[in-house]
Every structure is written in structure tokens, then in C-alpha cells.
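In the numbering used here, the protein residues as written are 41 to 223. The beta-carbon is built from N, C-alpha and C at its ideal position, and this holds for glycine as well.
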Ligand code: ZN
């Protein structure tokens with residue numbers, strides 16, 4: 041099932057997220073999140089983006105770098121980033137919830153994350169480079185943070201009018217979306 045992706049302006053993107061419970065519906069939810077992400081040609085999707093305030097996100101960054109990021113389709117359940125390190129580096133980011141806006145974001149290149157997989161096992165892993173960036177972007181979502189929050193106030197000002205249009209649904213998008221301010 042393909043969910044409508046929640047657009048910027050919906051309070052669920054800023055809501056405090058709850059721990060995921062391992063129940064019979066979880067596997068289907070994760071499957072649907074992947075389907076929704078692939079349908080929108082995204083490389084990551086967090087539960088708040090489909091209207092569910094849960095500590096859960098999925099990634100598959102293969103499309104960003106087919107050589108090095110193959111086979112990194114992953115689900116992160118109840119994650120905590122334990123550590124981030126290195127010199128912050130800029131990279132142009134976008135977000136399925138904020139269509140048509142792209143901007144450089146500085147993030148640290150390395151991280152250590154603890155999370156549960158679909159079986160409920162706890163894992164602690166290290167990531168660096170592009171995949172770390174995808175994880176940081178999605179992790180931000182479950183903390184109620186959006187990539188535009190990392191921009192300077194000058195840059196944010198440049199996007200202000202466009203963001204107001206997104207809230208109202210006045211933006212082109214090639215996948216199904218839900219707009220909080222659409223009448
Ligand atoms: Zn995003």
C-alpha cells in the first residue's frame with residue numbers, strides 16, 4: 041500500500057515520536073513504507089512522513105551511488121544515534137515532504153547508531169559518508185527536525201514564500217501527498 045506523504049506544515053512532522061511496539065502489523069507497515077519510498081523515488085522515509093509519530097525509518101540509498109550503496113536497504117526501529125564525529129561537510133539535500141526545495145546541509149561524516157531490526161534484535165553499527173547522511177536526515181525526522189532547520193536564517197528567508205505555498209498544496213509533486221493547509 042502506498043501512503044500519501046505528509047507535506048511540510050503538518051504538525052505530525054514536529055510531533056514527539058513514540059517507541060515502536062513489535063506487533064503483527066509492524067512488518068506490513070515497514071513493507072508499505074518501502075513501497076511508498078520507492079514510488080516517490082526517495083532514498084529514505086521516516087514514519088512521521090506518512091502521518092505516524094513513531095521512532096521508525098527506512099532507507100535504500102542505492103540510487104545515490106549505485107556502485108557503493110548497493111544492498112543497503114535497511115529499516116531502523118527505535119534508533120538512537122550514540123555518536124557523530126568528523127569535520128562537517130556540505131551536500132545538497134531534499135525531502136519528500138518538502139518538494140521542489142534543495143539546499144546544502146552540513147553534517148558530520150561518521151556516526152554510530154543503535155537500533156532494532158524487524159526481528160527485534162538490538163544492533164550497534166557505524167556508518168560514514170552518504171549513507172550516514174541519509175540516516176542523519178531520517179533520524180532528524182523522528183526528532184521532529186527537518187533539513188531546512190539546519191539552514192542559515194538568510195537561506196531560510198529565501199525559501200519562505202515557497203514553503204508557504206507547500207503548506208497550501210501549491211507545489212508540483214509526482215507522488216501522492218497530504219497538505220495540512222489545503223482547503
Ligand atoms: Zn526528509
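In this structure, does DSSP put residue i in helix, strand or coil?
{"i": "residue 173", "result": "helix"}
{"i": "residue 152", "result": "strand"}
{"i": "residue 159", "result": "coil"}
{"i": "residue 180", "result": "helix"}
Could you check how far apart the C-beta atoms of residue i and residue j are, in whole angstroms? I think they sit under 8 angstroms.
{"i": "residue 136", "j": "residue 42", "result": "The pair is not a contact, with the Cβ atoms about 12 angstroms apart (cut-off 8 angstroms)."}
{"i": "residue 104", "j": "residue 85", "result": "Between residue 85 and residue 104 the Cβ distance is about 14 angstroms, and since that is not below 8 angstroms, they are no contact."}
{"i": "residue 91", "j": "residue 115", "result": "Residue 91 to residue 115, Cβ: 18 angstroms. No contact."}
Using CA coordinates, which residue listed in the options is at the minimum distance from residue i?
{"i": "residue 64", "options": "195, 180, 158", "result": "158"}
{"i": "residue 58", "options": "119, 139, 193, 124", "result": "119"}
{"i": "residue 220", "options": "68, 69, 89", "result": "89"}
{"i": "residue 125", "options": "115, 141, 132, 146", "result": "146"}
{"i": "residue 97", "options": "117, 91, 83", "result": "117"}
{"i": "residue 190", "options": "214, 129, 211, 154", "result": "129"}
Measure from the C-beta of residue i to each C-beta in chain D and report whether the shortest distance is under 7 angstroms.
{"i": "residue 114", "result": "Among the protein chains of the structure shown there is no chain D, as only one such chain exists."}
Would the stretch 154-170 and the stretch 99-113 be scored as touching if the rule is three or more Cβ pairs under 8 angstroms?
yes
Assess, as a yes-or-no matter, whether the stretch 188-208 is touched by the stretch 77-93 under the definition of 3 or more beta carbon pairs within less than 8 angstroms.
no
Is there contact here, the stretch 50-57 with the stretch 173-190, by at least three beta-carbon pairs under 8 angstroms?
yes
Could I get the ranges of all uninterrupted beta strand (DSSP E) runs contained in the stretch 61-109, with 3 residues as the minimum, in chain order?
84-86, 96-99
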